[in-house]
Amino acid sequence: MPVAFPNLKPSARSYSPGEYPQTAFQAQNGAVTVVRFGSRRVDSTLELTFNNIADADASSILQNYEQVNGVWDSVTFTTATGAVGTAGSLAEFIEESGGSGLRWRYAGPPRLTSIKPGFSSVSCSFVGVLDGV
Amino acid sequence: MAFFSGRDGSLYADGVKLARVSNWSLSSTVEALEVTDLGDDSRDYTPGLKAATGTASIFYYDDAPVPLLQHVIKTGPVTDATDKVALSLRWGDKKIDVNAIMTSAALTCQVGAVMQADIGFSVCGDYSDVVL
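Residue numbers (this note's numbering), protein chains in the order written: chain C, 160 to 292; chain E, -19 to 112.
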């Protein structure tokens, strides 16, 4: 069961929709043949940065990481969290909720930087995975 | 109610009033940590760390600037134990007390002018006492 990301709005966001699984062969005359292995893009990426947030909020992100990865689950975003500030179809890309079939998983552990007593900055990376059924 | 001027000012180092101080200055700042998120229409900030630096200019009359100069221009290492100075910057009945390290000293000796020492300092930690 996917786990909702904590109710925090990022300071910065970077998204890439991923690529289509394919291999390209180029002949000696330059002609290219592409073998496509699937019709869905995979391995989308999402990077979120939370600058100067309270330590309690930073802790909630680390707890979410443990909760999601502890059972190899996925994380969901909404327009109130990771997809804040987007609208319409762009929000569906950020959330991967528009029928892409991708699920967000942590690409690695969040990175926390202490700023001053009670305040930290956190950066998270996610990868959109096309889970096998 | 009255204006303050140079005649009301004084500078103390480790409890001793320094002579021949022609001016002192203090510049105080507070960091602005940005907390603007992607849903905001305007930038937002939260206070970060405080910091302060200052300067003092002292005429080289007898040994007037030595109590501060000796913490910058000296043989041997500069240490926290021996070279952190308790400064009191005063004007009238008001004052700002700090612990500071001397970070720079410029001595000027030229024909036709009184020799002067210009000293820079950085405040360590919080203000010890403030009366504004």
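Every residue, glycine too, gets a C-beta built ideally from N, C-alpha and C.
Interface residues of the segment 163 to 176 of chain C facing chain E [CB-CB below 7 Å]: Here the close residues are LYS168, PRO169, SER170, ARG172.
The ligand SAM heavy atom lying under 7 Å from the CB of HIS51 (chain E): Among the components modelled here there is no ligand, and therefore nothing to report on the ligand SAM.
Chain-ordered neighbours of GLY244 (chain C) on chain E, where CB pairs are closer than 7 Å: Listed along chain E, the residues sitting closer than 7 Å to GLY244 (chain C) by beta-carbon distance are LEU18, GLY19.
Where the alpha helix (DSSP H) through SER170 (chain C) begins and ends: Unbroken run through SER170 (chain C): none, as it is neither H nor E.
DSSP three-state assignment for ILE293 (chain C), whether helix, strand or coil: Chain C is shown from 160 up to 292; residue 293 (chain C) falls before or after that span and cannot be answered.
Straight-line Cα distance separating ASP(-12) (chain E) from ASP73 (chain E): Approximately 9 Å between the Cα atoms of the pair.
Runs of alpha helix (DSSP H) wholly within the segment 56 to 99 of chain E (minimum 4 residues, chain order): Fully enclosed alpha helix (DSSP H) runs of 4 or longer: 60 to 63.
Cα-Cα separation, LEU18 (chain E) to ARG0 (chain E): Each residue's alpha carbon lies about 55 Å from the other.
Within chain C, partners of THR55 (chain E) - CB distance below 9 Å: Think of a sphere of 9 Å around the beta carbon of THR55 (chain E): no beta carbon from chain C falls inside it, the nearest being about 37 Å out.
Complete beta strand (DSSP E) runs within the segment 256 to 287 of chain C (minimum length 3 residues, chain order): For the segment 256 to 287 of chain C, the full-length beta strand (DSSP E) segments reaching 3 residues or more read 261 to 265, 270 to 275 along the chain.
Counted within 10 angstroms of its Cβ, other Cβ atoms place TRP231 (chain C) as buried (16 or more) or exposed: Taking all protein chains shown into account, TRP231 (chain C) has fewer than 16 neighbouring C-beta atoms within 10 Å of its C-beta and is therefore exposed.
Cα-Cα separation between ALA246 (chain C) and LEU205 (chain C), rounded to whole angstroms: Across the structure, ALA246 (chain C) and LEU205 (chain C) are spaced so that their CA atoms are roughly 17 Å apart.
ARG172 (chain C) classed as buried or exposed, judged by whether at least 16 other C-beta atoms fall within 10 angstroms: The C-beta of ARG172 (chain C) has 16 or more other C-beta atoms within 10 Å across all chains shown, which makes the residue buried.
Beta-carbon gap between PRO47 (chain E) and VAL(-4) (chain E) smaller than 8 Å: Yes. Within cutoff.
Proximity below 8 Å, CB of MET69 (chain E) to CB of LEU6 (chain E): First, the residue type needs correcting, since residue 69 (chain E) is Leu and not Met in the sequence shown. Their beta carbons are under 8 Å apart, which means LEU69 (chain E) touches LEU6 (chain E) by this criterion.
Partner residues on chain E for ILE274 (chain C), Cβ-Cβ distance less than 8 Å: What ILE274 (chain C) touches in chain E: LEU13, GLY28.
Contact the segment 219 to 227 of chain C vs the segment 261 to 270 of chain C: 3+ CB pairs below 8 Å: Taking 8 Å as the limit for Cβ pairs, the verdict is that the segment 261 to 270 of chain C does touch the segment 219 to 227 of chain C.
Segment limits, alpha helix (DSSP H) that includes PHE252 (chain C): From DSSP, the alpha helix (DSSP H) with PHE252 (chain C) extends over 247 to 254.
Cβ-Cβ distance between SER2 (chain E) and PHE39 (chain E) below 8 Å: Yes, these two residues count as a Cβ contact at 8 Å.
THR273 (chain C) classed as buried or exposed, judged by whether at least 16 other C-beta atoms fall within 10 angstroms: According to the sequence displayed, residue 273 (chain C) carries Ser and not Thr. Flag for SER273 (chain C) reads exposed.
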